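Have a look at the structure below before the remarks.
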Amino acid sequence: MRKRIFTILPILSCLVAMPAMANWQYDGVYVGDGWYEDDGARFILSFRGGAAAGFGDIKNDVGALSAYYYLDDAGAIIPETVCRANGGDCSGYELLGYGDIANLSPTKDFESFSFAAGASVGWTLPGRPQWRFEGGWDHIMKSDFNASPLFRGEMQLYNGAGDATYILSTDSGAIHSTVQTDIISAMAFYDFFDGVQKPLRKTIPYVGLGIGYADTTTVLNLTDPYGDLSADNDLRNFGTLDENSVYEIVNFYQSKHSSTNVAGLLAAGFSYGLTETMFIDFGARMTYIPKVKWVLTNEDGSRHRDWISAEDLIYLNVMLGLRFEF
3 MRKRIFTILP ILSCLVAMPA MANWQYDGVY VGDGWYEDDG ARFILSFRGG AAAGFGDIKN
63 DVGALSAYYY LDDAGAIIPE TVCRANGGDC SGYELLGYGD IANLSPTKDF ESFSFAAGAS
123 VGWTLPGRPQ WRFEGGWDHI MKSDFNASPL FRGEMQLYNG AGDATYILST DSGAIHSTVQ
183 TDIISAMAFY DFFDGVQKPL RKTIPYVGLG IGYADTTTVL NLTDPYGDLS ADNDLRNFGT
243 LDENSVYEIV NFYQSKHSST NVAGLLAAGF SYGLTETMFI DFGARMTYIP KVKWVLTNED
303 GSRHRDWISA EDLIYLNVML GLRFEF
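Each residue of the sequence shown is one higher than the last, beginning at 3 in this note's numbering.
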């Protein structure tokens, strides 16, 4: 995504330089005797920055079985990693059953606060200057999403024959992660003013809607403070055993994943004309992203396992910017 963005930036620079060097404006319609009728068409270039807040429902996408045993002496229930401590086995413990981590609920939903910046190019519609159409790029900067424990709840245990044996209240996993998003959008705006020329020294309200392409990058750092994940043989492919631990705990690899979505956008705000060609723009944009994933990967990135996802993700950006209309 960054390579594509760096490809776009030189194009935007050229678009800035060309009208500046040529003092370019739409000429309008010639009506005779050296007079022109302004049809309101303008070339638009805008820059903005501000704050971004994100919200989404976290879902458990894990499918991993863990074995649990009963420790007679202490009257405790332990995961398989504990009875295997120091190279031992679980033959001296009573097997209560196997539980699926997928049955546990996330302990928190996604909430984030970060900064955002963006730029757009576009045109106002000839003869209908209240309408403007813009293609833009917005970058929502990196924010943290952390949870310890990640999952909590009641897990039904089953024996080898598939019969229910016990209901266990337990915690599982912890994460430290980061999230950042880039959005390329096509937007239509309507400015509320009369006439062809936008008024100066007055606020001009506007609304907008659009569609976009959202690329969200998540970086996942998963840990196993409760020992249940390390007992899953397949999950051992996604990390290395901690040599300093007697419980064969897995140190999971840092995992990076990119989720791409079609996004929906709504906007509202107002502009204030400083000159005929320069406007202060203050507005809010709401972006809807259907689903973003956090994925566990092995060392070379050849294997992946879904871990959690944020569904119905909403970003609300409040930004101040400058808009130029040539």
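C-beta: ideal position from N, C-alpha, C; glycine also.
Just so we're clear, the structure is a prediction, and the values are computed from it rather than from any experiment.
Alpha-carbon to alpha-carbon, residue j and residue i
| i | j | result |
| --- | --- | --- |
| Ile142 | Gly120 | 9 Å |
| Gly229 | Val248 | 11 Å |
| Tyr317 | Phe272 | 20 Å |
| Tyr208 | Ser122 | 16 Å |
| Cys85 | Thr172 | 17 Å |
| Ala176 | Asp226 | 6 Å |
| Ala43 | Thr205 | 20 Å |
| Ser48 | Ala270 | 15 Å |
| Leu98 | Gly77 | 13 Å |
| Met2 | Ser257 | Outside the shown range of the chain (3 to 328) lies residue 2, about which nothing can therefore be said. |
| Gly58 | Asp308 | 17 Å |
| Lys110 | Val320 | 25 Å |
| Ile60 | Asp40 | 52 Å |
| Ile46 | Lys200 | 13 Å |
| Lys293 | Asp74 | 45 Å |
| Ala312 | Glu82 | 30 Å |
| Ile185 | Phe284 | 19 Å |
| Gly155 | Asp91 | 27 Å |
| Gly303 | Leu276 | 52 Å |
| Tyr160 | Asn223 | 30 Å |
| Tyr70 | Val297 | 26 Å |
| Tyr72 | Ile80 | 6 Å |
| Arg287 | Glu278 | 25 Å |
| Phe194 | Ser145 | 35 Å |
| Val198 | Asp63 | 54 Å |
| Asp140 | Arg50 | 9 Å |
| Phe254 | Ile282 | 48 Å |
| Asp196 | Tyr274 | 15 Å |
Buried or exposed (CB count within 10 angstroms, at least 16 for buried), residue i
| i | result |
| --- | --- |
| Asn25 | Because the pLDDT of Asn25 is 40, which lies under 50, any placement of that residue in the model is unreliable, and the number read from its coordinates should be weighed accordingly. Exposed: under 16 other Cβ atoms inside 10 Å. |
| Ala192 | With the sequence shown as reference, residue 192 is identified as Tyr, and Ala is not the correct amino acid for it. Per the 10 Å Cβ criterion, exposed. |
| Ala233 | buried |
| Lys295 | buried |
| Ala104 | exposed |
| Ile169 | exposed |
| Thr262 | exposed |
| Arg203 | exposed |
| Leu183 | A quick correction: the sequence has Thr, not Leu, at residue 183. Looking at its Cβ environment, which holds 16 or more other Cβ atoms inside 10 Å, Thr183 is buried. |
| Thr126 | buried |
| Glu136 | buried |
| Glu301 | exposed |
| Leu322 | exposed |
| Gly174 | Here residue 174 turns out to be Ser, not Gly, going by the sequence shown. With 16 or more other Cβ atoms within 10 Å, it is buried. |
| Glu327 | buried |
| Glu96 | exposed |
| Lys260 | Looking at the sequence shown, residue 260 is not Lys but Ser. Classification of Ser260: exposed, given that the 10 Å Cβ count is below 16. |
Rounded distance between the beta-carbons of residue j and residue i, thought under 8 Å
| i | j | result |
| --- | --- | --- |
| Ala265 | Thr289 | 5 Å |
| Ala66 | Leu231 | 7 Å |
| Val252 | Leu237 | 6 Å |
| Met157 | Gly101 | 4 Å |
| Ile310 | Thr218 | That belief does not hold up - the Cβ atoms of Ile310 and Thr218 are roughly 13 Å apart, past 8 Å. |
| Arg305 | Asn239 | 7 Å |
| Ser107 | Phe153 | 7 Å |
| Phe112 | Leu315 | 7 Å |
| Ser187 | Gly138 | 5 Å |
Distance cut-off 7 Å: residue i Cβ against heavy atoms of the ligand FMN
| i | result |
| --- | --- |
| Asn161 | The ligand content of the structure shown is nil, which means the ligand FMN is not present either. |
Okay, do the stretch 112–132 and the stretch 157–175 touch, 3+ Cβ pairs below 8 Å being the bar? Taking a cut-off of 8 Å on C-beta distances, the stretch 112–132 does not touch the stretch 157–175, as fewer than three cross pairs fall below it.
So does the stretch 107–121 actually touch the stretch 45–62, counting three or more Cβ pairs closer than 8 Å? Contact between the stretch 107–121 and the stretch 45–62 is present, because at least three Cβ pairs lie under 8 Å.
Is there contact between the stretch 238–245 and the stretch 195–213, where contact requires at least three CB pairs shorter than 8 Å? No: fewer than three Cβ pairs fall under 8 Å.
Decide yes or no for the touch test of the stretch 178–187 against the stretch 137–153: beta carbon pairs closer than 8 Å, at least 3 of them. The stretch 178–187 makes contact with the stretch 137–153; the number of CB pairs closer than 8 Å reaches 3 or more.
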